[in-house]
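*Asks:*
Protein chains: 2
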Amino acid sequence: MKKYDKIVTNAVGREVPTIINGEEHIPFQGVGKYKPTGRKFAPRISSCADFPDDGNKQINSLKEALIKSGLKDGMTISTHHHFRNGDLIANQIFDIAHELGVKNLRWYPSASFPCQEHLIQYLEDGTINRIEGSMNGPLGRFASLGKMKGLGILRSHGGRYQAIQDGEVQIDIAVIAAPTADPFGNANGVNGDAACGLLGFALGDSEYADKVIVVTDNLVPFPAIPWQIHGNYVDYVVKVDKVGLPEKIVSGTTQITKSPDRLLIAEITAQFCEEAGLIYDGFSYQAGAGGTALSIGNYFGDILRKNNWKASFIRAGSNKYPVKLLEDGIVKYILDGQTFDLEGIRSMRENPGHINTSPFTSYNYHGKGNFAAMVDIVVLGATEVDVNFNANVVTHSDGYLLHGIGGWQNTLFGKTTIMPIPLFRDRIPVIRDEVTTICAPGEMIDVVVTERGIAINPLRKDLIEKTKDSGLPIKTIQELKAEAEAICGVPEKPNLSDEIIAVIKWVDGTVIDSVRKVIED
Amino acid sequence: MKKYDKIVTNAVGREVPTIINGEEHIPFQGVGKYKPTGRKFAPRISSCADFPDDGNKQINSLKEALIKSGLKDGMTISTHHHFRNGDLIANQIFDIAHELGVKNLRWYPSASFPCQEHLIQYLEDGTINRIEGSMNGPLGRFASLGKMKGLGILRSHGGRYQAIQDGEVQIDIAVIAAPTADPFGNANGVNGDAACGLLGFALGDSEYADKVIVVTDNLVPFPAIPWQIHGNYVDYVVKVDKVGLPEKIVSGTTQITKSPDRLLIAEITAQFCEEAGLIYDGFSYQAGAGGTALSIGNYFGDILRKNNWKASFIRAGSNKYPVKLLEDGIVKYILDGQTFDLEGIRSMRENPGHINTSPFTSYNYHGKGNFAAMVDIVVLGATEVDVNFNANVVTHSDGYLLHGIGGWQNTLFGKTTIMPIPLFRDRIPVIRDEVTTICAPGEMIDVVVTERGIAINPLRKDLIEKTKDSGLPIKTIQELKAEAEAICGVPEKPNLSDEIIAVIKWVDGTVIDSVRKVIED
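Residue numbers (this note's numbering), protein chains in the order written: chain E, 4 to 524; chain A, 4 to 524.
(1) What does Phe3 of chain A touch in chain E if you count any residue whose Cβ is under 8 Å from its own?
(2) Could you tell me which residues DSSP puts in a beta bridge with Leu345 of chain A?
(3) Check Thr439 of chain E in the structure and name its three-state DSSP category.
(4) Check Ser81 of chain A in the structure and name its three-state DSSP category.
(5) Kindly provide the ranges of any beta strand (DSSP E) runs that are 3 or more residues long and lie completely inside the segment 34-113 of chain A, ordered along the chain.
(6) Between Gln274 of chain E and Val382 of chain E, how many whole angstroms is the CB-CB distance? I'm expecting something under 8 Å.
(7) For Lys9 of chain E, is the classification buried or exposed, using 16 other Cβ atoms within 10 angstroms of its Cβ as the cut-off for buried?
(8) Scan the segment 234-252 of chain E for residues whose Cβ lies nearer than 9 Å to a Cβ of chain A and list them as they occur along the chain.
(9) Return the residue from the list A:Asp208, A:Ile179 and A:Thr183 that minimises the CA-CA distance to Tyr164 of chain A.
(10) To the nearest angstrom, how far is the alpha carbon of Ala292 of chain A from that of Arg519 of chain A?
(11) Could you tell me whether the segment 329-337 of chain A touches the segment 364-373 of chain A, using the rule of 3 or more Cβ pairs below 8 Å?
(12) For the segment 133-146 of chain E against the segment 115-123 of chain E, do three or more pairs of beta-carbon atoms, one drawn from each stretch, fall closer than 8 Å, so that the two count as touching?
(13) Verify whether the separation of the beta carbon atoms of Val521 of chain A and Leu499 of chain A is less than 8 Å.
(14) Can you give me the start and stop residues for the alpha helix (DSSP H) that Pro362 of chain A sits inside?
(15) Gly35 of chain A touches chain E at which residues, Cβ-Cβ below 7 Å?
(16) Taking the beta strand (DSSP E) that Asn132 of chain A falls in, what are its first and last residues?
(17) Is there a Cβ from chain E that is less than 8 Å from the Cβ of Asn367 of chain A?
(18) Using Cβ-Cβ distances below 7 Å, what residues of the segment 314-335 of chain A are close to chain D?
(19) Measure the CB-CB distance between Ala190 of chain E and Leu201 of chain E and report whether it falls below 8 Å.
(20) Terminal residues of the continuous alpha helix (DSSP H) containing Ala319 of chain A?
(21) Taking Cβ positions only, does Arg47 of chain A come closer than 8 Å to chain E?
(22) Can you find a CB in chain A that lies within less than 8 Å of the CB of Ile522 of chain E?
(23) Measuring alpha carbon to alpha carbon, tell me which of E:Gln412, E:Ser49 and E:Leu426 ends up nearest Thr420 of chain E.
(24) Measuring straight from C-alpha to C-alpha, what distance separates Phe31 of chain A and Glu446 of chain A?
(25) Against chain E, does Gly58 of chain A count as a neighbour if the rule is that its beta carbon must be under 8 Å from one of theirs?
(26) DSSP has Glu18 of chain A in a bridge; who is on the other side?
(27) Starting from the N-terminal side, write out each stretch of the beta strand (DSSP E) that is 3 residues or longer and does not extend beyond the segment 172-242 of chain A.
(28) Can we count Leu126 of chain A as close to the ligand COA, meaning its CB is less than 7 Å from some heavy atom?
(29) Flag Phe31 of chain E as yes if its beta-carbon sits less than 8 Å from any beta-carbon of chain A, otherwise no.
(30) Run through chain A and tell me which residues come within less than 9 Å of Pro39 of chain E, C-beta to C-beta.
(31) Are Thr219 of chain A and Val246 of chain A close, meaning C-beta to C-beta below 8 Å?
(32) Can you pull out the residues from the segment 98-115 of chain A whose beta carbon lies closer than 7 Å to at least one beta carbon of chain E?
(33) Give me the subset of the segment 149-168 of chain E whose CB atoms are less than 8 Å from a CB atom of chain A, sorted by chain position.
(34) Where does the unbroken alpha helix (DSSP H) through Gly143 of chain E begin, and where does it stop?
(35) Kindly indicate which residue of E:Gly155, E:Phe427 and E:Ser72 has the alpha-carbon position closest to the one of Glu26 of chain E.
(36) List the residues of chain A whose Cβ lies closer than 8 Å to the Cβ of Arg42 of chain E, in chain order.
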């Protein structure tokens, strides 16, 4: 089977394959242009007659559960990244597959992390054909060098749910690692030694996968409350000694920045939002977990306090900073998609206003609306932005695929999207003539904030008008680019082959760009 | 179109049609015998591009929402009974349909109530072809006299979810009356003037219906928390002045019985459970809302207190009695499917251990297990039981169809099912040679408790053994029947035509019995 075939030029001018790993895919047609006409994926109907009368679905080992689930060549196996770099289960699954001599699996993680570098051997020996999902760090580097047998497909969190819901990806076996579960399969992430907050990334898998295995190190009597995952979707429950490493679950990126440049960017961003009238009593924002975004959230908090206002909600990625705002009564709700530190987990367990959300509620573009569009201010990073405001979040300027999309594409549907980015990183300018990889078309990005000025997308005449007399350093994006190049020089193009190693999906399942193989020096 | 055709004799010896309202149905084959082979119903894929960017789905009126939803002849319209006899919306829907000249609708309520007697005119004039759902009171009497144009189909709460999930009933428009909702369509039953506790009966409709309309009298800003109904499934939101009559939402049946006979039955039932060793630290039970069941629940509470035990959970129908046990720490959780009084509603709003469940979690037989099977003791009523322990809950001994099935069939899958019933009602014996309508085969009923003795199903040798020296009045069911007939005489058979007016579904979607037309005196 060819990895890809039938290349066309899509609506953002990028060449993308329409046959990927032997299946047909649709090229990007513009935001909101592609209208699905089909029906959702229809899972097999089960019968209680085939499940234990006493509700106890416990199986002795993950291996036994995988065998009972019918693990065989060519299947699609899904895992999830709520333990981030502390996951212990994904590696075990493919160790078992390898031991059983199973080949050609599609691994469909919600994201992969460096702790799964172990799986490179199975990508090499054909146990795993390809990864469809984020490839952070070493797995991305492996793929970038053209070493993966199949073609990678990167989807946003919402796009991953959409692909499952629409039957584009049919999961044979979903393995859900859970900090707490009962023998029926009800599971949550708020309790247990490996508590990680929530299990929303696994929701779609639980609903649509043919077989669902819950693995936990904290088996409690029925009912496990809350049931973030419904046992009614679960086939087998496996108790293990340790499901995740708590010390690696908590991300290292949940401290506000100490860099003077980034603090400046954060401050300018908050000022811009205030001057543009984007912050008001009842406004909402999306808070990222990076140092700059956290600082911006704190500035937003200050502005709310100063005016005696309340935010109606924060869409998060939660950690101690939004939790403090919630507990101080400065925001009414945290609508949380992923907890990033222990305070986030504690708050989700304790605070009725700290709400468990999922890629379905927040991000699925093939639903009857989603939450992302209702957010007033969305603050996001990017590896590159170009003079047409197109943005890249997956590849570096050297062409290596080192990051996943996460919820990034999905949150862009918020009312105002702001990218606070440094003008250059390691003396490489961030604003380019053309981004290496288009992850979002320029129309979705409203404002770029750097330490040397703010560029507003010409489409947002309202923002330009509102801030023209603000005294803020408003510039064109071309001016910002020129300033960076005056300091760092004009950047070199990455050394790329024509060969495609992965594609990037838009939120509606269409292909927005291709990622090329990197030619090593 | 013939109302029914192709009658066969099913596994409990009842004659049932296999063509009903022009569609094929499967006769009952025995408990756990019918294995579904197909796939779940696949709803149309939506796109956020077709929904408002700001998430506001508000429409001016129910009429406009129904027109926008494409209301037309022959459609299936669903409603729900969480307001019980205080519902104000179902009548309006069909007033609008009548006004628009729409004909031949299938009404698919989770239950109908006397407050919907208003709809008889539309059953007569052909606006509504038939009711598929409980027909309590006047609507049942209307159907019993053969006046409904189509054939009625009665399903349990779990069977209703199953029929939706499996695509047996495809809902065109679901109208969900909600005590609280936001403009996106997130909705709950815990807040607002018409608070009714929960909206679980509408869950399946929200997930699978083509169009979903939420009607509320308490529109709150996004996000309405908790979202018992996800706005991501909702097409339109309508604000009305009054969605339900709170004073009629609360059922009149939530007082413990004062009848000495029924109190005796309750006491004997509790004693039986204690003697049989069914009550232990960590046990669970299903509490009904009837006076006898409530008394039994209180006796269970006494036994728990006496032994310093805790129940792990009560499956409910909640009201002030289970809530008291929860708040006293005698039970850990109430897994609630329907709140029956204001205390139940308050508790669901306030107590983290008072959990919102649905027919999906608790009752769906075509899931990977459900909660009902995990309950230790299930206490249920019946209109009739026969000497083979077959039980009837929908028709009276005069043949009139006056009750729905509710969760009754579903809860029978609990570990021990006990029916505390009076030996006779209005001098009509309750234990018969043959029940008028089989709603459950005898193998599902373990114990019948009357004021004059207890009959244990011969299949439950363990219970017979455990209670043989208990001093309890254990008798055969034939003995109990004979005692009743000695007092009241042998009851007359109901005066029934051969004509079938409705069928009763088993939990797996198969047809377990037919209901015949009553010949009026």
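Built from N, CA and C at the ideal position, the CB exists for glycine as well.
*Replies:* Checking against the coordinates, here is how it stands:
(1) Because chain A is modelled from 4 through 524, residue 3 of chain A falls outside the range shown and cannot be assessed.
(2) Mapped onto the second sequence, residue 345 of chain A falls at position 342. Note: Leu345 of chain A sits in no beta bridge, so no partner.
(3) Position 436 of the first sequence, counted from the first residue, corresponds to residue 439 of chain E. Residue state, collapsed to three classes: coil.
(4) Sequence index remark: in the second sequence, residue 81 of chain A carries index 78 (1-based). Ser81 of chain A: strand per DSSP, three-state reduction.
(5) 79-82 and 108-112
(6) Looking up residue 274 of chain E in the first sequence gives position 271. Looking up residue 382 of chain E in the first sequence gives position 379. About 13 Å; that fails the 8 Å criterion.
(7) Taking the first sequence and counting its residues from 1, the one referred to as residue 9 of chain E is at position 6. Answer is exposed; the Cβ neighbour count stays below 16.
(8) Gly234, Asn235, Tyr236, Val237 and Asp238
(9) Counted from its first residue, the second sequence places residue 164 of chain A at position 161. Taking only the C-alpha atoms, the option nearest Tyr164 of chain A is A:Asp208.
(10) Sequence index remark: in the second sequence, residue 292 of chain A carries index 289 (1-based). Sequence index remark: in the second sequence, residue 519 of chain A carries index 516 (1-based). Cα to Cα, Ala292 of chain A sits roughly 29 Å from Arg519 of chain A.
(11) no
(12) yes
(13) The residue labelled residue 521 of chain A in the question sits at position 518 within the second sequence. The residue labelled residue 499 of chain A in the question sits at position 496 within the second sequence. Cβ atoms of Val521 of chain A and Leu499 of chain A: closer than 8 Å.
(14) By 1-based counting over the second sequence, the position of residue 362 of chain A is 359. Segment Pro362 to Ser365, the alpha helix (DSSP H) holding Pro362 of chain A.
(15) For the purposes of this step, residue 35 of chain A is taken as residue 32 along the second sequence, with counting starting at 1. Simply Ala52.
(16) Here the question's residue 132 of chain A lines up with position 129 in the second sequence. That run of the beta strand (DSSP E) goes Ile131 to Ile134.
(17) Stepping through the second sequence from its first residue, residue 367 of chain A is reached at position 364. Chain E contact via Cβ: present.
(18) No chain D appears in the structure shown, which is made up of the protein chains E and A.
(19) Here residue 190 of chain E refers to the residue found at position 187 when the first sequence is read from its first residue. Here residue 201 of chain E refers to the residue found at position 198 when the first sequence is read from its first residue. No; because the gap between Cβ atoms is not below 8 Å, this pair is not in contact.
(20) Walking along the second sequence from the start, residue 319 of chain A turns up at place 316. Note, Ala319 of chain A: premise wrong, no alpha helix (DSSP H); beta strand (DSSP E) at Ala314 to Ser321.
(21) Position 44 of the second sequence, counted from the start, is the residue given in the question as residue 47 of chain A. Closer than 8 Å: yes.
(22) Residue 522 of chain E sits at position 519 when you count from the first residue of the first sequence. Ile522 of chain E does not count as touching chain A.
(23) Translated into the one-based positions of the first sequence, residue 420 of chain E becomes position 417. Thr420 of chain E has its Cα closest to that of E:Gln412, out of E:Gln412, E:Ser49 and E:Leu426.
(24) As a working note, residue 31 of chain A is residue 28 in the second sequence. As a working note, residue 446 of chain A is residue 443 in the second sequence. Spanning the two alpha carbons is a distance of roughly 14 Å.
(25) By one-based count along the second sequence, residue 58 of chain A stands at place 55. Chain E contact via Cβ: present.
(26) Counting from 1 along the second sequence, the entry for residue 18 of chain A is found at position 15. Answer is A:Thr12.
(27) 176-181, 214-219 and 239-242
(28) No copy of the ligand COA occurs in the structure displayed, which carries no ligand at all.
(29) Taking the first sequence and counting its residues from 1, the one referred to as residue 31 of chain E is at position 28. With 8 Å as the cut-off, Phe31 of chain E does not count as an interface residue toward chain A.
(30) In the first sequence, the residue the question calls residue 39 of chain E occupies position 36. Going along chain A in sequence order, the residues near Pro39 of chain E (Cβ under 9 Å) are Arg47, Ile48, Ser49 and Ser50.
(31) Position 216 of the second sequence, counted from the start, is the residue given in the question as residue 219 of chain A. Position 243 of the second sequence, counted from the start, is the residue given in the question as residue 246 of chain A. Going by C-beta atoms, Thr219 of chain A is nearer than 8 Å to Val246 of chain A.
(32) none
(33) Gln168
(34) Mapped onto the first sequence, residue 143 of chain E falls at position 140. Pro141 to Ser147 is the span of the alpha helix (DSSP H), which, as asked, contains Gly143 of chain E.
(35) The residue given as residue 26 of chain E occupies position 23 in the first sequence. That would be E:Gly155, whose Cα lies nearest to the Cα of Glu26 of chain E.
(36) Locating residue 42 of chain E in the first sequence gives position 39, where the first residue counts as 1. Ala45, Pro46, Arg47 and Ile48, listed in chain order.
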